[in-house]
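Report on one structure; see the data block that follows.
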């Protein structure tokens with residue numbers, strides 16, 4: 040599958056849209072398809088802690104998946120201040136996840152790295 044987002048980078052508090060293209064070899068029944076923007080913060084020192092913030096989440100209205108399918112999504116990223124810095128003792132990373140929720144089986148994930156900006160004015 041593939042994930043296309045607009046604008047790039049995503050901006051705190053701003054709307055975005057995207058297209059998720061999924062290709063399934065065989066037809067499969069899903070509980071749901073979820074999409075999430077996750078920001079992972081971790082201390083890189085010995086015994087350091089980590090935390091994952093979900094900055095946005097939504098679901099796509101699909102329960103049957105077969106062949107190739109393109110789905111559109113849109114949303115507004117959380118306006119909260121998100122950590123985006125890389126230091127010698129800590130780092131952050133932001134990813135866009137598409138989760139194919141499957142009953143009684145591991146949920147396949149499609150993941151794309153993304154960047155978050157505080158403004159779209161350059």
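Numbering (our numbering), first residue to last: 40 to 161.
Ideal placement from N, C-alpha and C gives every residue a C-beta, glycine not left out.
Suppose contacts are defined by Cβ-Cβ distances below 8 Å. Is residue 67 in contact with residue 40 by that definition?
On the chain shown, residue 67 is found 28 positions in, with the first residue counted as 1. On the chain shown, residue 40 is found 1 positions in, with the first residue counted as 1. Not a contact, by the Cβ cut-off of 8 Å.
Looking at the structure shown, is residue 125 part of a helix, part of a strand, or coil, going by DSSP?
To locate residue 125, count along the chain shown from 1; it is residue 86. The answer is coil: DSSP assigns residue 125 none of H, G, I, E or B.
Residue 95 by DSSP, collapsed to three states: which one?
Counting from 1 along the chain shown, the entry for residue 95 is found at position 56. It is a strand residue.
Beta carbon of residue 78, beta carbon of residue 131: below 8 Å?
For the purposes of this step, residue 78 is taken as residue 39 along the chain shown, with counting starting at 1. For the purposes of this step, residue 131 is taken as residue 92 along the chain shown, with counting starting at 1. Contact flag set, yes.
Mind checking residue 118: buried by the 16 CB within 10 Å criterion, or exposed?
Position 79 of the chain shown, counted from the start, is the residue given in the question as residue 118. Exposed, since its Cβ has fewer than 16 Cβ neighbours within 10 Å.
Checking 8 Å against the spacing of the C-beta atoms, do residue 43 and residue 64 come in under that value?
If you number the chain shown from 1, residue 43 lands on position 4. If you number the chain shown from 1, residue 64 lands on position 25. No; because the gap between Cβ atoms is not below 8 Å, this pair is not in contact.
Can you round the beta-carbon distance between residue 76 and residue 53 to whole angstroms, since I take them to be within the 8 Å contact cut?
In the chain shown, counting from the first residue as 1, residue 76 sits at position 37. In the chain shown, counting from the first residue as 1, residue 53 sits at position 14. That pair is no contact at about 12 Å.
Alpha carbon to alpha carbon, how far is residue 125 from residue 154? Give it in angstroms, no decimals.
On the chain shown, position 115 is the one that residue 154 refers to. On the chain shown, position 86 is the one that residue 125 refers to. Spanning the two alpha carbons is a distance of roughly 13 Å.
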